[in-house]
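Below is one structure; the comments refer to it alone.
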Amino acid sequence: MIRRIRACSKVRGEISPPGDKSISHRGVILNSIARGRAKVRGASSGADLAATISCLRSLGVKIQAQNGVLDIWGGERLQEADDVLQAQNSATTARMLCGLLASQPFVSIITGDRSLRQRPMGRVMRPLRLMGAELWGRKNDLLPVVIRGARLRGIEYTLPEPSAQVKSAIILASLAASGETKIKETIPCRDHTEKMLELMEADIKREGDVVIIKPKGGGLRPVSIDVPGDISAASFWLVLGTIHPDAQIRIVNCGVNPTRMGIVNVLKDMGAKVEIENRRLWGNEPVADLYVESSHLHGIEVDPQAVPGVIDEVPLILLAGSLAQGRTVIRGASELRLKEVDRIRKTVMELSRFEIEARELPDGAMIYGGAKLQGAECQSHGDHRLAMLLGVAGMVAQGETAVHGAEAASISYPKFWDDASSVCQYA
Ligand code: S3P
């Protein structure tokens, strides 16, 4: 699908972002192995979560979807699926399922779409094998992965790369292991799994940079949750709001978990006017409304330690940098080369079409500010975040932009183009 966009003369409105994708995955997976029924309200309606739901149904979990509410009948035992589990484009699904299924007493095979079949799975297989798991991947590291459920034991493990998916896979396995598991993170990454497990009365705690889990008899307490809006989805509007010369946007009911607030911190460091209002808690996840308006940005060097906290938002920071004063540099982001596409290469390549001066670095990118964006023919390469980034670029570029492969947005944000039409006004 090609989406044609013209520069908005004015940006105004209120956005209610889609349910947080990470929290939705955890809400569905963890409640599937809890000892009863729970409801997940306002979950992501994107294709990634749909893949998780479909895999869990194949594993015998009853999940009903009605009026935006998922009704989940949990149980400690899953059933062997009678076919391959299809994680589609979702690495979170594939990796978390590896951890979940490593202890189940049957055989599972997980695969994904063409993009996901090229992404590394060794990062979850290595620690799971240390726990006693039996799993095999194509070319060792790739999907499809075959898992034969085994008895697991707790381990002490330092995450070699900051990854919430890997951390969560180990935590899921540790719930069914004998003995204690300790996971050390050198750079903290999103902690939604830990937060939800606390609500579910699991024996989980944090000591400094170590997460400690002890298996507990009696299973997990089911928890019904309201899923906060996804800050990674909201970030498209945060950036549009700051870079457009006549913008005011309010983003309501947005998750503001500190491990996800990197984008707000980076934009503020660049001079963005972002207000956080009406803070409250949903379950034990913090939620707030965000208000953003046109700002004069200046370029920055993003601290590599801060990169894991903005890993999904790096392409947006580069776009913001192109309209800032001075140069913006991001380093320590080589993980981005292992996402749905090589997001460093493809972002630099596609933003260059708008006459933005950008340069690829081995582990990041450098972008020169003060660009006058020109509308362009550009391509999502099937990557949802790239499709939406190019949409935002089109909303501030002169002339017409055509985003090819615009439908990819529906992986995480099916309403993205409708929300774009609602905030983008023409004189
Ligand atoms: C996610 C973790 C991140 C992120 C992805 C969602 C999660 O991936 O990029 O969009 O829900 O745990 P990594 O764990 O690979 O960094």
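Read in order, the letters of the sequence shown correspond to residues 43 to 469 in the numbering used here. Cβ atoms here follow ideal geometry from the backbone N, Cα and C, with glycine treated the same way. These numbers were taken from a predicted model, which means no experiment stands behind them.
Cβ neighbour criterion (16 or more within 10 Å) applied to R232
Residue numbering aside, residue 232 sits at position 190 when the sequence shown is read from its first letter. By the C-beta density criterion, R232 is buried, having at least 16 other C-beta atoms within 10 angstroms.
Taking the straight line between their C-alpha atoms, what separation do you get for M430 and G424?
The residue you call residue 430 lines up with position 388 of the sequence shown. The residue you call residue 424 lines up with position 382 of the sequence shown. Using only the alpha carbons, I get a separation of about 11 Å.
Using alpha carbons as the reference points, say which of V149, G154, I151 and K181 lies closest to G164.
Taking the first residue of the sequence shown as 1, we reach residue 164 at position 122. It is K181.
What do you reckon, is the C-beta of D288 under 6 Å from a heavy atom of the ligand S3P?
The residue labelled residue 288 in the question sits at position 246 within the sequence shown. Flag unset: Cβ of D288 not near the ligand S3P.
Buried or exposed, going by whether 16 or more other CB atoms sit within 10 Å of the CB of G250?
Walking along the sequence shown from the start, residue 250 turns up at place 208. So G250 ends up on the exposed side.
In three-state terms, what does DSSP make of D125?
Within the sequence shown, the letter at position 83 stands for residue 125. The answer is coil: DSSP assigns D125 none of H, G, I, E or B.
Does the beta carbon of D113 fall short of 6 Å from some heavy atom of the ligand S3P?
As a position in the sequence shown, residue 113 is number 71, starting the count at 1. No.
Could you check what DSSP says for V298 in three-state terms: helix, strand or coil?
Residue 298 sits at position 256 when you count from the first residue of the sequence shown. Reduced to three states, the DSSP call for V298 is coil.
With H, G and I counted as helix, E and B as strand and the rest as coil, what does DSSP make of R32?
No statement about residue 32 is possible, as the shown extent of the chain runs from 43 to 469 and does not include it.
Does DSSP put A93 in a helix, a strand or coil?
Residue numbering aside, residue 93 sits at position 51 when the sequence shown is read from its first letter. Note: A93 maps to helix in three-state DSSP.
May I ask you to check if the CB of T134 is nearer than 6 Å to at least one heavy atom of the ligand NAD?
You won't find the ligand NAD in this model; what it holds is the ligand S3P.
Tell me which residues share the same chain as P357 and place their Cβ nearer than 7 Å to its Cβ, disregarding the 5 neighbours each side in the sequence.
Translated into positions along the sequence shown, residue 357 becomes position 315. Within the same chain, and ignoring the five residues on either side of P357 in sequence, the residues whose Cβ sits closer than 7 Å to its Cβ are R385, T389, R427, L428 and L431.
Alpha carbon to alpha carbon, how far is G441 from G283? Give it in angstroms, no decimals.
Against the sequence shown, residue 283 aligns to sequence position 241. Against the sequence shown, residue 441 aligns to sequence position 399. Taking the straight line from one Cα to the other gives about 19 Å.
Quick check: does the Cβ of A206 come within less than 6 Å of any heavy atom belonging to the ligand S3P?
On the sequence shown, position 164 is the one that residue 206 refers to. It does: the Cβ of A206 is within 6 Å (strictly closer) of some heavy atom of the ligand S3P.
Can you look up I398 in the DSSP assignment and give me helix, strand or coil?
To locate residue 398, count along the sequence shown from 1; it is residue 356. In this structure, I398 counts as coil in the three-state DSSP scheme.
Taking the straight line between their C-alpha atoms, what separation do you get for I305 and V187?
Residue 305 sits at position 263 when you count from the first residue of the sequence shown. Residue 187 sits at position 145 when you count from the first residue of the sequence shown. So the alpha carbons of these two residues sit roughly 34 Å apart.
Burial state of T471 (16 or more Cβ within 10 Å)
For the chain, the structure presents residues 43 to 469; residue 471 sits outside this window and is missing.
Buried versus exposed call for I75 [16 or more other C-beta atoms within 10 Å across all chains shown]:
Translated into the one-based positions of the sequence shown, residue 75 becomes position 33. I75 should be labelled buried.
Please determine, among P60, M312 and M238, the residue with the shortest C-alpha to C-alpha distance to D460.
In the sequence shown, counting from the first residue as 1, residue 460 sits at position 418. Checking every option, the nearest Cα to that of D460 belongs to P60.
Length of the line joining the Cα atoms of I65 and V252:
As a working mapping, residue 65 is identified with position 23 in the sequence shown. As a working mapping, residue 252 is identified with position 210 in the sequence shown. Their backbone Cα atoms lie some 21 Å apart in a straight line.
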